[in-house]
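**Student:** In the numbering used here, the protein residues as written are 33 to 220.
Below are the structure tokens for one structure; questions will follow.
So this is what it looks like as structure tokens:
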């Protein structure tokens, strides 16, 4: 739950989840767009035998096979960049977790891709919440995740995918949530 804001009153705890609008996504979308446009212009330069790039002169390349490969990579890079920019615009994965003792509900809300099921809104009664479980897996691809165990045997991830949080933050967030909900903390 790194880069999330946490607001808590006596009866409501809300965790804001950052979705696709992360700095790393902006970087990769921009880098992919620049690379895709560069390859596209290089491929077009080889086809028209005109220099469309400032940095180098790819017009001397033969269109078959180098130019067509550059065009293909340029189109794919530009389309990938478009996909990344759209996920940022639509805030895919963003939302919140809300634990409300006033209404007796736990709410998990996330934004998905546009369409019929864009709004992912799960609500459970507080009585069905059994525990908070922490999963820590070290190694080449470390995984540190908090789960909320809900009857009958469901586990819902509370942390976002992509950036593992520190062990201290994981312990603190898990303990704070377990204390707020008055349920046990498992796995630490």
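Virtual Cβ for every residue (Gly too), placed ideally from N, Cα, C.
1) Inspect the beta-carbon positions of residue 129 and residue 140 and report whether they are closer than 7 Å.
2) Within this structure, are the beta carbons of residue 74 and residue 90 separated by less than 7 Å?
3) Please name the residue in 211, 143, 112, 110 whose C-alpha comes closest to that of residue 48.
4) Going by DSSP in three states, residue 90 sits in which element: helix, strand or coil?
5) With a threshold of 8 Å on Cβ separation, who are the neighbours of residue 33 within its own chain once the five nearest residues in sequence on each side are excluded?
6) With a CB to CB cut of under 7 Å and the five nearest residues on each side skipped, what residues in its chain are close to residue 117?
7) Excluding the 5 residues flanking residue 160 on each side, which residues of the same chain have their C-beta closer than 7 Å to its C-beta?
8) Using C-beta distances below 8 Å, list every residue in its chain close to residue 199, excluding the 5 sequence neighbours before and after it, in chain order.
9) Could you tell me how far apart the beta carbons of residue 120 and residue 63 are, in whole angstroms, since I believe they sit closer than 8 Å?
10) DSSP three-state call for residue 127: helix, strand or coil?
11) Which residue wins for smallest C-alpha separation from residue 188, given the options 67, 138, 174, 147?
12) Using the C-alpha atoms, what's the distance from residue 107 back to residue 93?
13) What's the gap between the Cα of residue 166 and the Cα of residue 45?
14) Which class does residue 177 belong to by DSSP, given the choice of helix, strand or coil?
15) Looking at the ligand COA, does it come within less than 6 Å of residue 101, judged from the CB to the closest heavy atom?
16) What is the DSSP secondary structure of residue 132, counted as helix, strand or coil?
**Tutor:** Reading it off the structure:
1) yes
2) yes
3) 143
4) helix
5) Unreliable positioning characterises residue 33 in this predicted model, as indicated by a pLDDT of 47, which lies under 50. The coordinate reading is nonetheless provided below. The residues are 47, 49, 178, 190, 191, 192, 197, 201, 205.
6) 61
7) 182, 183
8) 168, 176
9) Not really, about 13 Å apart at Cβ, beyond 8 Å.
10) strand
11) 138
12) 18 Å
13) 19 Å
14) strand
15) Absence of the ligand COA is noted for the structure shown, with no ligands found whatsoever.
16) strand
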